[in-house]
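So for the sequence shown, numbering that gives the first Met the number 0 puts the first residue at 0; every next one is plus one.
All C-beta atoms in this analysis are idealised placements derived from N, C-alpha and C, irrespective of residue type, glycine included.
Data first, discussion second: the structure below is written as structure tokens.
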Amino acid sequence: MARREILDRIQKYVDPFRVTKGKGFRLSSVDPEDTRGLQLGKGEAAELLTRGTEWLAEEQDMLYAQDSWSLLLVFQAMDAAGKDGTIKHVMSGVNPQGCQVFSFKQPSREDLEQVLVVRVHSEVLRRQRLPAPHVGKKIWDQRLADIAHFEDYLTRQGTIILKFFLHVSRAEQKNRFMQRLERPRKHWKFSAADIRERGFWGDYMHAFEEAIRATATPRAPWYVVPADNKWFTRLIVAAAIVEAVENLDLSYPTIDAAKKKELVAARAALAREK
């Protein structure tokens, strides 16, 4: 199958979850269990994901070689939605030397543009010790506007921004928490705070929805990906990344006549060695 045909098929599954205009967006419009009618076993899903990671590795090699574009992937989700697993599986084939990974937990006093945990827990905002005149009713709109402006700046410098919200249902999060509690090898991943935060589910959904609505643009889209089925989540994330990088139409840098002459001389020098 030709690459263009594959991309067309990818687009069919990715498009429904891409948000480029946030106005009017509702999280409730995306079903966390949705798989777009795909019926795949674990083996089939794993094979498709492997193809995607191999394709992504090839694109990354060209991305690194041409040294012009860069790719920023942002992942947001509730606990147990599968961020770590998605990153681990989707990025399994790329060269780590070409990547930087940053994990953000509870925001520090330096994270002044935080619009999720800080919005849900006002005491965190107070600990940031901001000047009183700057803590008004419009603070969240202002912070989100700042984020959107910064993302627009990055895209104009050659950074491709893809933002993923892994949309897990409250019921599925409970199931995954129970699995962690029942498996000793998973106990290290569990925190009592995870249970406390479930009590703020509605507040978090509102904060995520507002963030997506305010920062979704054609240049820096959000992908609201159903996350109740891990295999589907990973396929959609991989497909979205492959599609975005493939559309850059990358190629390896060409060399001029002087460089070709230099390579010929180098080959001749090596051939003369005994």
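- As a beta-bridge residue in DSSP terms, Pro225 pairs with His166.
- Counting only residues of its own chain and dropping the five nearest sequence neighbours on each side, Trp68 has a CB closer than 7 Å to the CB of Leu62, Gly157, Ile159 and Leu247.
- Note on geometry: alpha-carbon atoms of Ala270 and His166 lie some 59 Å from one another.
- Within the same chain, and ignoring the five residues on either side of Phe74 in sequence, the residues whose Cβ sits closer than 6 Å to its Cβ are Lys82 and Phe163.
- With fewer than 16 other Cβ atoms from the protein chains shown falling within 10 Å of its own Cβ, Pro15 counts as exposed.
- Straight-line spacing of the CA atoms in Val114 and Glu150 works out to 15 Å.
- Taken in chain order, the complete beta strand (DSSP E) segments of 3 or more residues contained in the segment 190 to 247 are 221 to 225.
- In the three-state scheme derived from DSSP, where H, G and I count as helix and E and B as strand, Val29 is classed as coil.
- With a cut-off of 8 Å on Cβ pairs, the segment 47 to 55 is not in contact with the segment 121 to 141, counting fewer than three such pairs.
- Annotated as distal: Pro225 and Asp7, with beta-carbon spacing of 8 Å or more.
- For the options Leu70, Thr19 and Ala192, the alpha carbon positioned closest to that of Val116 is the one of Ala192.
- Under the three-state reduction of DSSP, Arg271 is assigned to helix.
- Ile235 is classed as buried because its beta carbon has at least 16 other beta carbons within 10 Å across all chains shown.
- Val119 and Tyr12 do not touch by the CB rule: their CB atoms are close to 32 Å apart, not below 8 Å.
- In this structure, Tyr251 and Ala64 form a Cβ contact; the two beta carbons are roughly 5 Å apart against a cut-off of 8 Å.
- The three-state reading of DSSP puts Val93 in coil, since its state is none of H, G, I, E or B.
- Taken atom to atom, the span from the alpha-carbon of Thr232 to that of Glu261 is near 48 Å.
- In the pairwise beta carbon analysis, the segment 213 to 223 is classified as touching the segment 15 to 25: at least three pairs are separated by under 8 Å.
- Looking from the CA of Leu161, the closest CA among Ala215, Gln10, Arg184 and Gln96 belongs to Ala215.
- In the assembly as shown, Val244 is a buried residue. Its beta-carbon has 16 or more other beta-carbons within 10 Å.
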